[in-house]
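Numbering (my numbering), first residue to last: -13 to 547. The beta carbon of each residue, even a glycine, is placed where N, CA and C say it ideally should be. Keep in mind that this is a model prediction, so the values were computed, not measured. Here is the structure we will look at.
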């Protein structure tokens, strides 16, 4: 039976490591599905199962544990960035500045609570211990590491102080995740939030941000433009719109080119922005009802899936669809959102292009664009790992500040997150295809989160009981709870009352303000939308920077006293 003991207790065994992770993650996910009065902790239960296993003396090699923790967090935040890239910038323009200002207030309130505790307990607890507690209370491992690095390089022996900082961090960290989720539940309770209503509000907001193009039929009655070409019609009304088909009075259906003439009583099928409809009606004539699908002829309307990587980043006008294929492109569907087929619209792999024309011409264009769902299922591994490499490089770049002994770094989470957002939004300019199917992205994201949660739990487990249930440990847990909850309750309540911020956005903001990836798993499960992930990504980079900066400044300031 030696092989069983090897799997259970041999820390250097690969089978032992994989088996422990498999047991903890599968059991945690199973228990996370249990709901009590509609509430569940979701995937965060994995953390506490791992703490229990660590306490029961199931250990993992320390170097392997550190690797798994950092790797899990890295691929989690990187995948979030890839998913959120396009929506991140539109969200930042709309509410990003406000969310980041609110996040700064959270940091300031964290500091106020910390110094209040220190003022009343300075005879029992050093500021360095409180920095460790605060780092755990805001789940900021880089902040703890930066503060400890300052002490390591300071003259004198601070080995015991560094150890106490770690203990304070370990005591506060797990409780913080519970506290964050409880704050979310508190916000939901006091404002009597109906998740279904909030979901509808998010969908309406997204619909308002991406206005569906108007598709309608106009009857040409203006004799002043009788006989002009489609090209000259664009000169008369110089806006983005597409004349998709023309029905002549004799029943002939045309796929118009730029030189096609239009005449009185022609019916024009037009795709345009809703705000342009009234002005176009004044120039051309009234809108009429017409079911073009029932019109006789060989004209078809079809969606073509862009799966050819060579098309990624090209502008729609560069395809010469009208002149080269005799077709009209009417709209582009991207991530479920319909976009007007403007000549200057940049195409990306995964887009669906709606074209109108003869079937043979449509098939010809489809062959060029790819139109292969199977091809889209192939993962773009080069972009994925190249982006991770760039993220690691960015996260390792030292940012020096006057008076600070150690430079700041974005780390293995902040760097990859920023690079992933940039690749998702602008990767096409470098011919990088970032498209990933929703199921694949979700699989990678959840896998990374599970690995990270289990690793944190295994690391905290052996000393968790000692840290939490000792006299000092219980006090540290309570202080960590105060540092966590007071700022969140104050700012989240203010954000809801003053700015009417959506519930899911508040959840993501709470997680981002504390760089709290475990709590994000709960927040993301609350709604069927990306609002929480977008808010998390919006505040995460600045918050990471401020957390590290504050931890180092506090230590440096008290070393100088």
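Rounding to the nearest angstrom, what Cα-Cα distance links residue i and residue j in this structure?
{"i": "residue 396", "j": "residue 500", "result": "15 Å"}
{"i": "residue 340", "j": "residue 202", "result": "15 Å"}
{"i": "residue 231", "j": "residue 214", "result": "16 Å"}
{"i": "residue 338", "j": "residue 291", "result": "5 Å"}
{"i": "residue 586", "j": "residue 256", "result": "In the structure as shown, the chain starts at -13 and stops at 547, and residue 586 therefore has no counterpart that could be examined."}
{"i": "residue 530", "j": "residue 377", "result": "15 Å"}
{"i": "residue 300", "j": "residue 334", "result": "8 Å"}
{"i": "residue 208", "j": "residue 275", "result": "18 Å"}
{"i": "residue 509", "j": "residue 493", "result": "6 Å"}
{"i": "residue 365", "j": "residue 61", "result": "15 Å"}
{"i": "residue 304", "j": "residue 329", "result": "8 Å"}
{"i": "residue 218", "j": "residue 226", "result": "14 Å"}
{"i": "residue 140", "j": "residue 117", "result": "16 Å"}
{"i": "residue 184", "j": "residue 485", "result": "15 Å"}
{"i": "residue 249", "j": "residue 427", "result": "51 Å"}
{"i": "residue 251", "j": "residue 307", "result": "27 Å"}
{"i": "residue 47", "j": "residue 449", "result": "16 Å"}
{"i": "residue 311", "j": "residue 265", "result": "30 Å"}
{"i": "residue -4", "j": "residue -10", "result": "10 Å"}
Would you please state the rounded distance, in angstroms, between the beta carbons of residue i and residue j? I believe it to be under 8 Å.
{"i": "residue 294", "j": "residue 355", "result": "6 Å"}
{"i": "residue 82", "j": "residue 462", "result": "In fact, because the Cβ distance is near 35 Å, the residues do not count as touching under 8 Å."}
{"i": "residue 507", "j": "residue 491", "result": "17 Å between Cβ atoms; not a contact."}
{"i": "residue 32", "j": "residue 15", "result": "7 Å"}
{"i": "residue 583", "j": "residue 157", "result": "Outside the shown range of the chain, which is -13 to 547, sits residue 583, and nothing can be said about it."}
{"i": "residue 44", "j": "residue 6", "result": "6 Å"}
{"i": "residue 469", "j": "residue 130", "result": "Not confirmed; about 14 Å, so no contact."}
{"i": "residue 177", "j": "residue 475", "result": "Rounded, the Cβ-Cβ distance is 12 Å, inconsistent with contact."}
Report yes if the CB atom of residue i is closer than 8 Å to the CB atom of residue j, and no otherwise.
{"i": "residue 167", "j": "residue 481", "result": "no"}
{"i": "residue 441", "j": "residue 58", "result": "yes"}
{"i": "residue 123", "j": "residue 151", "result": "no"}
{"i": "residue 64", "j": "residue 521", "result": "no"}
{"i": "residue 465", "j": "residue 98", "result": "no"}
{"i": "residue 331", "j": "residue 302", "result": "yes"}
{"i": "residue 496", "j": "residue 161", "result": "no"}
{"i": "residue 165", "j": "residue 467", "result": "yes"}
{"i": "residue 36", "j": "residue 447", "result": "yes"}
{"i": "residue 541", "j": "residue 114", "result": "yes"}
{"i": "residue 93", "j": "residue 532", "result": "yes"}
{"i": "residue 246", "j": "residue 253", "result": "no"}
{"i": "residue 374", "j": "residue 402", "result": "yes"}
{"i": "residue 543", "j": "residue 121", "result": "no"}
{"i": "residue 54", "j": "residue 439", "result": "no"}
{"i": "residue 477", "j": "residue 91", "result": "yes"}
{"i": "residue 483", "j": "residue 95", "result": "no"}
{"i": "residue 498", "j": "residue 187", "result": "no"}
{"i": "residue 258", "j": "residue 326", "result": "yes"}
{"i": "residue 137", "j": "residue 119", "result": "no"}
{"i": "residue 524", "j": "residue 85", "result": "yes"}
{"i": "residue 421", "j": "residue 353", "result": "no"}
{"i": "residue 41", "j": "residue 318", "result": "no"}
Helix, strand or coil: how does DSSP classify residue i here?
{"i": "residue 244", "result": "coil"}
{"i": "residue 110", "result": "coil"}
{"i": "residue 289", "result": "strand"}
{"i": "residue 231", "result": "strand"}
{"i": "residue 426", "result": "helix"}
{"i": "residue 501", "result": "coil"}
{"i": "residue 65", "result": "helix"}
{"i": "residue 15", "result": "helix"}
{"i": "residue 333", "result": "coil"}
{"i": "residue -3", "result": "coil"}
{"i": "residue 495", "result": "helix"}
{"i": "residue 257", "result": "strand"}
{"i": "residue 314", "result": "strand"}
{"i": "residue 506", "result": "helix"}
{"i": "residue 91", "result": "helix"}
{"i": "residue 46", "result": "coil"}
{"i": "residue 320", "result": "strand"}
Relative to the C-alpha of residue i, which candidate in the options has its C-alpha closest?
{"i": "residue 69", "options": "279, 320, 410", "result": "410"}
{"i": "residue 415", "options": "298, 120, 514, 163", "result": "298"}
{"i": "residue 262", "options": "143, 90, 492, 199", "result": "199"}
{"i": "residue 550", "options": "28, 20, 363, 39", "result": "Lying outside -13 to 547, the shown extent of the chain, residue 550 is not represented and no answer is given."}
{"i": "residue 363", "options": "375, 424, 379", "result": "424"}
{"i": "residue 419", "options": "221, 367, 468", "result": "367"}
{"i": "residue 526", "options": "286, 404, 308", "result": "404"}
{"i": "residue 125", "options": "242, 433, 399, 269", "result": "399"}
{"i": "residue 277", "options": "426, 370, 204", "result": "204"}
{"i": "residue 346", "options": "269, 285, 218", "result": "285"}
{"i": "residue 244", "options": "216, 234, 474", "result": "216"}
Any Cβ of chain D within less than 8 Å of the Cβ of residue i?
{"i": "residue 62", "result": "Here chain D cannot be found, since the structure has a single protein chain."}
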